[in-house]
Each structure stands twice: as structure tokens, then as C-alpha cells.
DNA sequence: AAAATAGTTTAGAACTGTTCTAAACTATTG
DNA sequence: CAATAGTTTAGAACAGTTCTAAACTATTTT
Ligand SMILES: [Mn+2]
Ligand SMILES: [Mn+2]
Ligand SMILES: [Zn+2]
Ligand SMILES: [Zn+2]
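What follows is the structure, encoded as C-alpha cells:
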């Protein structure tokens with residue numbers, strides 16, 4: 047077995063390319079945040095949680111940069127923002143069509159695949175507006 | 047026509063009884079807020095909007111009281127809270143089972159009667175939790 | 001390889017919506 | 001009419017987020 051086949055020639059090339067493809071320079075901070083967000087499966091995380099996690103791992107990054115990055119990633123379609131309670135935004139690394147269970151006691155947020163919910167017989171949107179997204183939040187207690 | 051049949055013997059008796067029935071004293075402030083909220087059809091309003099409206103009508107009431115009142119009314123089931131964006135809570139005078147159109151551009155929030163949406167094939171809630179409510183928000187642009 | 005440019009990061013101030021505090025006030029009860 | 005318990009209030013405090021402008025860095029140009 048050739049050990050080297052697991053050692054990428056260009057480290058983090060995938061994340062770097064992903065950033066370049068949305069016109070964001072792969073800076074040290076963005077790269078580290080992108081790896082925390084995008085290389086660990088589906089996550090629902092707040093800015094402050096992500097900042098804490100970065101600091102815990104020795105990544106020096108300011109909270110302002112975490113906010114900047116989360117918003118840039120969201121605009122670029124790498125993340126989406128989920129609002130389940132006033133005063134706190136969750137950022138979701140799952141950008142596919144899906145919905146959420148939200149446990150109001152624990153604050154846990156879990157995905158429901160889009161295929162497992164159907165919202166039918168919605169009325170027409172008013173006047174000149176069009177549907178941007180349908181969010182279903184199943185609140186648990 | 048007897049004019050007096052439109053003049054209640056006990057003014058605002060309905061609102062007063064409603065407050066008493068949920069163990070809230072019918073104070074001047076609560077009564078005024080209850081009338082703004084409950085005698086004007088379905089409304090979706092923030093604390094600051096309601097406070098502004100009260101002040102405009104010459105009702106002297108503090109913002110703290112508006113928040114206290116909105117939360118008390120919500121606990122009592124007279125209102126419900128709708129979260130459509132982080133950092134701002136809407137209070138909804140329609141407590142029946144229904145959903146919402148939310149125009150992200152204008153901030154307008156409109157009801158969709160519960161009968162006009164059906165959410166089917168939801169998966170089981172995780173572990174020992176049970177469904178408190180299902181919120182559908184149709185985001186418009 | 002330097003220099004120029006444009007994009008990025010940062011600390012800290014500022015801001016927004018909301019909650020807290022504790023003193024003054026008021027509706028209800030005895 | 002007191003006594004009591006609930007209510008209101010101004011202002012301070014708080015939490016999450018955004019802003020500012022100066023320092024820094026990735027990329028482009030020469
Ligand atoms: Mn945002
Ligand atoms: Mn609340
Ligand atoms: Zn999700
Ligand atoms: Zn409503």
C-alpha cells in the first residue's frame with residue numbers, strides 16, 4: 047500500500063477550490079472556518095458556537111470574522127440560515143431541501159429530509175411575490 | 047331604535063372578563079393594550095410597534111409593560127409568538143391553527159389558514175419528545 | 001521579486017431588541 | 001379603610017449582531 051495516496055499533494059485543495067469558486071480568497075481564517083463547517087457532516091451552529099470551537103482548536107480568529115464568513119458563505123450558497131427563535135441565528139451546513147425538528151427545551155435542531163415531509167395545497171402567494179422557500183419547523187417539547 | 051343598546055352598561059366588559067378569566071388584573075395599561083390587540087381583528091405586531099401605537103393614541107405605558115403584557119397574554123393563550131427572523135418577535139392575535147406568508151423584502155406577515163396547508167408524512171419525533179406545534183413559513187421575495 | 005491593489009481581518013465601539021431591577025403605585029381583599 | 005399582593009416604570013443591563021477604520025495579507029501588475 048502506498049501511504050502517499052492518502053496524503054494530498056495540495057492540502058485542503060477541496061476547500062480551497064470551493065472558496066475560490068465563490069470568489070472568496072482562501073485566507074487562513076476562512077479556510078479554518080470552512081473546514082470546521084464543511085468537513086464535519088451536517089451541522090447547525092451559531093456564530094458564537096463556531097467562534098468558540100475555533101478558539102478551542104487554537105485558530106486565532108475574531109468574532110467579527112466569524113460573522114463575516116458565515117454571511118459570505120450563506121450568500122454564496124455554502125450555508126443557509128435557520129431561524130427558530132428570536133435573538134439567535136443558526137447556520138446550517140445542509141443546503142439541500144429539508145426541514146427541522148426543534149426541541150424548545152434543549153435547543154437541539156435536527157434535520158428532516160425534504161422527502162419526508164410534504165406541504166400541499168398551499169394558497170397562491172399574494173400580489174407580485176413569489177415563493178423563495180418553505181420552512182417547516184416541528185417544535186418539540 | 048334605542049341608541050342605548052349600543053352603549054354597554056359595563057364598558058369593555060368583554061375585555062375585562064377575558065383578562066379576569068386568565069387571572070390578570072384589568073389595569074389601565076393592560077386594558078388599553080388588550081383592546082388594541084384583541085378588538086382589531088387578526089394582527090401580527092412587535093412589542094415596539096404596539097408600544098408606538100399605544101403612545102400615538104395617548105395611552106401612557108412603558109415598553110417594559112408592553113413586553114410584560116405580551117408575554118403574559120402569550121402564556122395565557124390570548125396571543126402566540128411567531129419567529130420569522132432573528133432579532134425580532136412578532137405577536138399574533140390569531141391563536142387558531144394556521145401558518146404564515148412572510149415577505150422578506152417588506153417584512154409583511156400574513157396568515158394562511160390551517161385548512162389551506164397540509165403537512166403530511168412527518169417522521170416520528172425523536173426519543174421522548176412530542177410535537178408542540180408545526181410552523182410553516184412560506185418565505186416570499 | 002517588488003510594488004501596487006484590492007480584499008480581509010480585527011478590536012472595540014455601537015446598536016437593536018429584550019430583560020432585569022427595585023422603587024413607586026394600584027387593584028383587590030379583609 | 002388597611003393590608004396585601006400584583007403591577008408599572010425608568011433606567012440599567014444584557015445578548016447577539018453589526019459597524020468602523022486602521023492594520024494586514026493575498027493576488028495582480030510591473
Ligand atoms: Mn444575518
Ligand atoms: Mn419572548
Ligand atoms: Zn438543517
Ligand atoms: Zn398569524
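Protein chains in written order, with this note's numbering: chain A, 47 to 187; chain B, 47 to 187.
Beta carbons are placed, not taken as given, at the ideal position from N, Cα and C, and that holds for glycine.
Query	Result
Would you list the residues sitting across from residue 164 (chain A) in a DSSP beta bridge?	B:166
On the CB-based measure, 16 or more other CB atoms within 10 Å of its CB, does residue 130 (chain A) come out buried or exposed?	buried
Please report whether the beta-carbon of residue 97 (chain A) lies at a distance below 8 Å from any beta-carbon of chain B.	no
Give the straight-line distance between the Cα atoms of residue 114 (chain B) and residue 61 (chain B), rounded to the nearest whole angstrom.	18 Å
Would you list, in sequence order, the uninterrupted beta strand (DSSP E) runs of no fewer than 3 residues that lie entirely inside the region 119-180 of chain B?	126-131, 134-138, 144-149, 155-159 and 164-166
Which chain B residues sit within Cβ distance under 7 Å of residue 133 (chain A)?	132 and 133
Below 9 Å on C-beta distance, what does residue 185 (chain B) contact in chain A?	177, 178, 179, 180 and 181
From the beta carbon of residue 167 (chain A), is the nearest beta carbon of chain B less than 8 Å away?	yes
Assuming residue 122 (chain B) and residue 70 (chain B) form a contact by the criterion Cβ under 8 Å, report the distance between their Cβ atoms to the nearest whole angstrom.	7 Å
Nearest by alpha-carbon distance to residue 188 (chain A): which of A:151, A:134 and A:128 is it?	Lying before the first or after the last residue shown, residue 188 (chain A) is absent from chain A, which here runs from 47 to 187.
Could you name the residues that DSSP lists as bridge partners for residue 112 (chain A)?	Residue 112 (chain A) is not bridged to any residue.
Do you know offhand how far residue 93 (chain A)'s Cα is from residue 124 (chain B)'s?	34 Å
Could you tell me the alpha carbon to alpha carbon distance between residue 134 (chain A) and residue 57 (chain B), rounded to whole angstroms?	42 Å
Any chance the region 163-171 of chain A sits against the region 162-172 of chain B, with 3 or more Cβ pairs inside 8 Å?	yes
Under 7 Å from any heavy atom of ligand 4, does the C-beta of residue 90 (chain B) make it?	yes
Where does the unbroken alpha helix (DSSP H) through residue 64 (chain B) begin, and where does it stop?	59-67
Determine the burial state of residue 106 (chain B): buried for a count of at least 16 other Cβ atoms within 10 Å of its Cβ, exposed for fewer.	exposed
Once you ignore the five residues that flank residue 109 (chain B) on each side, which residues in its own chain have a CB closer than 8 Å to its CB?	93, 94 and 97
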